[in-house]
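The structure under discussion appears below in the form of structure tokens.
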Amino acid sequence: MGRGKVQMKRIENKISRQVTFSKRRSGLLKKAHEISVLCDAEVAVIVFSTVGKLFEYSTDFSMMRILDRYDQYSYAERQRTGADSESQENWLVEYPKLAARIEVLQRKLRNLVGEDLDPLSLKELQDLEQQLDTALKRIRTRKNQLVHESISEMDKKQRALRELNKSLAKKVKENKTILEEEHDQVQVVGQQQTNQGRHNSTTLMLMPPPPLPPQPPSTPTLPTFRTTRKSCSGGVQARGAVDDNDSDKGGRPPPRPAAATNTRMPLWMLSSFE
1 MGRGKVQMKR IENKISRQVT FSKRRSGLLK KAHEISVLCD AEVAVIVFST VGKLFEYSTD
61 FSMMRILDRY DQYSYAERQR TGADSESQEN WLVEYPKLAA RIEVLQRKLR NLVGEDLDPL
121 SLKELQDLEQ QLDTALKRIR TRKNQLVHES ISEMDKKQRA LRELNKSLAK KVKENKTILE
181 EEHDQVQVVG QQQTNQGRHN STTLMLMPPP PLPPQPPSTP TLPTFRTTRK SCSGGVQARG
241 AVDDNDSDKG GRPPPRPAAA TNTRMPLWML SSFE
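Using the UniProt record's numbering, the first residue of the sequence shown is number 1, and each one after it goes up by one.
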């Protein structure tokens, strides 16, 4: 005897309703899995119980990808319609879907941080653990890569600083050598100047005085004679020393004697006076 036709109405008995929900939910998820495997279709099923407990199924655990695809498809459909009234109606239809998606995302986020794990089954917990392990491996790989890059960069900077330190030390050594050489040269020059001054002083003290320059030959002084003139009596009179008699004649002063000269006179003039 087969089963009778089930009347499609709400089951009033709470226990019966819960049992029926559990059976129908398992069958629904099983059918979704079968159609996904047999027909190679992407299937996503989201079920909330009367107490708000979430049950879901997605092909290859790709619920987010399927929902994104659904949103893109719905958006393309809305673009094709283009009518404002239809857009408003679509938004009214899409709002519960978006709210459900937000709830799923929030629940997954809480699960990732270790919260709200009681509703999860063993398989869901295993999937979550696998996701966390994969994420942890990626995080460690990225961290090790950054640490390696940081160490390499620090090694490069350290080598550059060493080269710069060597260059600066070499320049300081060269400058120190140059300064020491200049200082030694200054000391040598000063010592040479001191020795030269002492040598010059000793030489001046030991050298005899220079000979006096030769005197020019002395010229004999000749007697100075006054110019002679003839007197009225025809005689020659030499102008020599002035007499008192001459000054008395006529009351005039005697003429000024000529300035004496030391000019050498020729011999013929001297012979005429002898």
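Using N, Cα and C, we set each Cβ at its ideal position, and we do this for glycine too.
Please determine if the stretch 53 to 66 and the stretch 36 to 44 are in contact, where contact requires at least 3 C-beta pairs separated by less than 8 Å.
Yes, since at least three Cβ pairs between the stretch 53 to 66 and the stretch 36 to 44 fall closer than 8 Å, the two stretches touch.
Kindly indicate which three-state DSSP category residue 11 falls into: helix, strand or coil?
Counted from its first residue, the sequence shown places residue 11 at position 11. Coil at residue 11, not helix or strand.
On the premise that residue 111 lies in contact with residue 120, defined as a C-beta separation below 8 Å, what is that separation, rounded to the nearest angstrom?
As a position in the sequence shown, residue 120 is number 120, starting the count at 1. As a position in the sequence shown, residue 111 is number 111, starting the count at 1. Indeed they touch by this definition, with Cβ atoms about 7 Å apart.
Mind checking residue 154: buried by the 16 CB within 10 Å criterion, or exposed?
The residue labelled residue 154 in the question sits at position 154 within the sequence shown. So residue 154 ends up on the exposed side.
Here's the rule: buried if 16 or more other CB atoms are within 10 angstroms of the residue's CB, otherwise exposed. What is residue 8?
Position 8 of the sequence shown, counted from the start, is the residue given in the question as residue 8. If you draw a 10 Å sphere on the C-beta of residue 8, you find fewer than 16 other C-beta atoms in it, and that means exposed.
Just mark residue 283 as buried or exposed, buried being the case when its beta carbon has 16 or more other beta carbons within 10 Å.
For the chain, the structure presents residues 1 to 274; residue 283 sits outside this window and is missing.
Starting from residue 45, follow its DSSP beta bridges and name the residues at the other end.
Taking the first residue of the sequence shown as position 1, residue 45 is located at position 45. Answer is 57.
Of the choices 49, 48, 97, whose alpha-carbon is the least far from that of residue 66?
As a working mapping, residue 66 is identified with position 66 in the sequence shown. Answer by Cα proximity: 97.
Is the distance from the Cβ of residue 47 to the Cβ of residue 32 below 8 Å?
Translated into positions along the sequence shown, residue 47 becomes position 47. Translated into positions along the sequence shown, residue 32 becomes position 32. No, the Cβ-Cβ distance between residue 47 and residue 32 is not below 8 Å.
Is it true that the CB of residue 74 sits closer than 8 Å to the CB of residue 94?
What you label residue 94 is simply residue 94 of the sequence shown in a count that begins at 1. What you label residue 74 is simply residue 74 of the sequence shown in a count that begins at 1. Yes; because the gap between Cβ atoms is below 8 Å, this pair is in contact.
Backbone secondary structure at residue 184 - three-state DSSP:
Against the sequence shown, residue 184 aligns to sequence position 184. The three-state reading of DSSP puts residue 184 in helix, counting H, G and I together.
Would you tell me roughly how many angstroms separate the C-alpha atoms of residue 49 and residue 64, rounded to the nearest one?
Position 49 of the sequence shown, counting from 1, holds the residue named residue 49. Position 64 of the sequence shown, counting from 1, holds the residue named residue 64. Roughly 21 Å between the two C-alpha positions.
If distances are taken between C-alpha atoms only, which option among 61, 26, 30 comes closest to residue 126?
Mapped onto the sequence shown, residue 126 falls at position 126. Nearest neighbour of residue 126 by Cα position, chosen from 61, 26, 30, turns out to be 61.
Could you tell me how far apart the beta carbons of residue 51 and residue 29 are, in whole angstroms, since I believe they sit closer than 8 Å?
In the sequence shown, counting from the first residue as 1, residue 51 sits at position 51. In the sequence shown, counting from the first residue as 1, residue 29 sits at position 29. So it is not a contact: roughly 18 Å between Cβ atoms.
Quick check: what's the CA-CA separation for residue 15 versus residue 22?
To locate residue 15, count along the sequence shown from 1; it is residue 15. To locate residue 22, count along the sequence shown from 1; it is residue 22. C-alpha of residue 15 to C-alpha of residue 22: approximately 11 Å in a straight line.
Give the straight-line distance between the Cα atoms of residue 177 and residue 187, rounded to the nearest whole angstrom.
Along the sequence shown, read from residue 1 onward, the residue named residue 177 stands at position 177. Along the sequence shown, read from residue 1 onward, the residue named residue 187 stands at position 187. Computed Cα separation, rounded: 15 Å.
Might you give, ordered along the chain, the residues of its own chain that have their beta carbon closer than 8 Å to the beta carbon of residue 132, omitting 5 neighbours on each side?
Counted from its first residue, the sequence shown places residue 132 at position 132. So the list reads 112, once near-sequence residues are dropped.
Selected residue, minimal CA-CA separation from residue 70, among 160, 53, 92, 101
Here residue 70 refers to the residue found at position 70 of the sequence shown. Of the candidates 160, 53, 92, 101, the one whose C-alpha sits nearest the C-alpha of residue 70 is 101.
Reducing DSSP to helix, strand and coil, say where residue 22 ends up.
In the sequence shown, residue 22 corresponds to position 22, counting from 1. In this structure, residue 22 counts as helix in the three-state DSSP scheme.
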